[in-house]
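Just so we're aligned, residue 154 is where the sequence shown starts under the numbering used here, counting upward by one.
Where a beta carbon is used, it is the ideal one built from N, C-alpha and C, also for glycine.
Okay, structure first, notes after.
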Amino acid sequence: MELNYREGELENLLRVRDRFVDLIGEYSIESITLSRSKMLGTMFDTVFFIGISNLREHMPSVKEIYLNVGEPRNKSLRNLELLEEMKIVSRLHDTNDSRVKRVKLTNKFREDFEVFISQWVDSRKSNDESAEVRE
């Protein structure tokens, strides 16, 4: 039984990730055409890290982002530029150190991100409840 639960959990996580990538895709503009594989990779990781940080009332620095996402600095900077053009994130100067840039989700995308997270948590509750029934 445990194996089936884990397989179902992985499939659920992949579906959630696909829905999240679809959400990012809705913000695409004609001048920016991103491949699905790019959005499934570092773009997903970058937006998800920023979003979770923001939900915890933290605006990560650019350095925190590239260190946590595990990409080279230049690639992370390019991803952030694209996300800014798509109006998903905005960069602000740190209030204590103007050399540091902090990143946050735009208000519009944050609303969509919060709905996405809520749906994800609800879907996990369903899986947890069905796993308890199987036991």
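Problem - Unbroken stretches of the alpha helix (DSSP H), 4 residues or longer, contained in the stretch 200–232 - result: Whole alpha helix (DSSP H) segments, 4+ residues: 215–222.
Handout entry: Element boundaries [beta strand (DSSP E), containing Lys254]
Key = Judged by DSSP secondary structure, Lys254 falls within the beta strand (DSSP E) whose first and last residues are 254–258.
Handout entry: 6 Å Cβ shell around Val215 - same chain, five flanking residues per side excluded
Key = Residues Lys254 of the same chain have their beta carbon placed closer than 6 Å to that of Val215, with the five preceding and five following residues left out of the count.
Practice task
Please work out which residues of its chain come closer than 8 Å, Cβ to Cβ, to Asn227, disregarding the five sequence neighbours upstream and downstream, and give them in chain order.
Solution key: Taken in chain order, the list of residues that qualify is empty.
Practice task
Specify the secondary structure class of Ser243 as computed by DSSP and reduced to three states.
Solution key: Strand, per DSSP.
Handout entry: Assigned exposure category for Ile203 - 16 Cβ within 10 Å defines buried
Key = Burial call: buried.
Handout entry: C-beta atoms of Tyr219 and Ser229 nearer than 8 Å
Key = Judged by their CB atoms, Tyr219 and Ser229 are nearer to each other than the 8 Å cut-off.
Exercise for the section: Grab me the residues of Ile241's own chain with a C-beta within less than 8 Å of its C-beta, minus the 5 sequence neighbours each way, in chain order. Expected result: Result list for Ile241: Ile177, Tyr180, Val200, Leu258, Thr259, Phe262, in chain order.
Problem - Residue nearest to Val256 in terms of C-alpha spacing, selected from Leu167, Met212, Leu166 - result: Ranking Leu167, Met212, Leu166 by Cα distance to Val256 puts Met212 first.
Exercise for the section: Would you tell me roughly how many angstroms separate the C-alpha atoms of Ser233 and Asp247, rounded to the nearest one? Expected result: Note that residue 233 corresponds to Leu in the displayed sequence, not to Ser. Their Cα atoms are separated by approximately 16 Å.
Handout entry: Coarse secondary structure for Asp250, derived from DSSP in three states
Key = Three-state DSSP puts Asp250 in coil, outside helix and strand.
Practice task
Whole angstroms is fine: what's the gap from Val169's alpha carbon to Asn249's?
Solution key: Distance between the alpha carbons of Val169 and Asn249: 37 Å.
Exercise for the section: Identify, in the order they occur along the chain, each residue of the same chain with its Cβ nearer than 8 Å to the Cβ of Thr195, setting aside the five sequence neighbours on each side. Expected result: So the qualifying residues of the chain are Val222, Glu224, Lys228, Ser229, Asn232.
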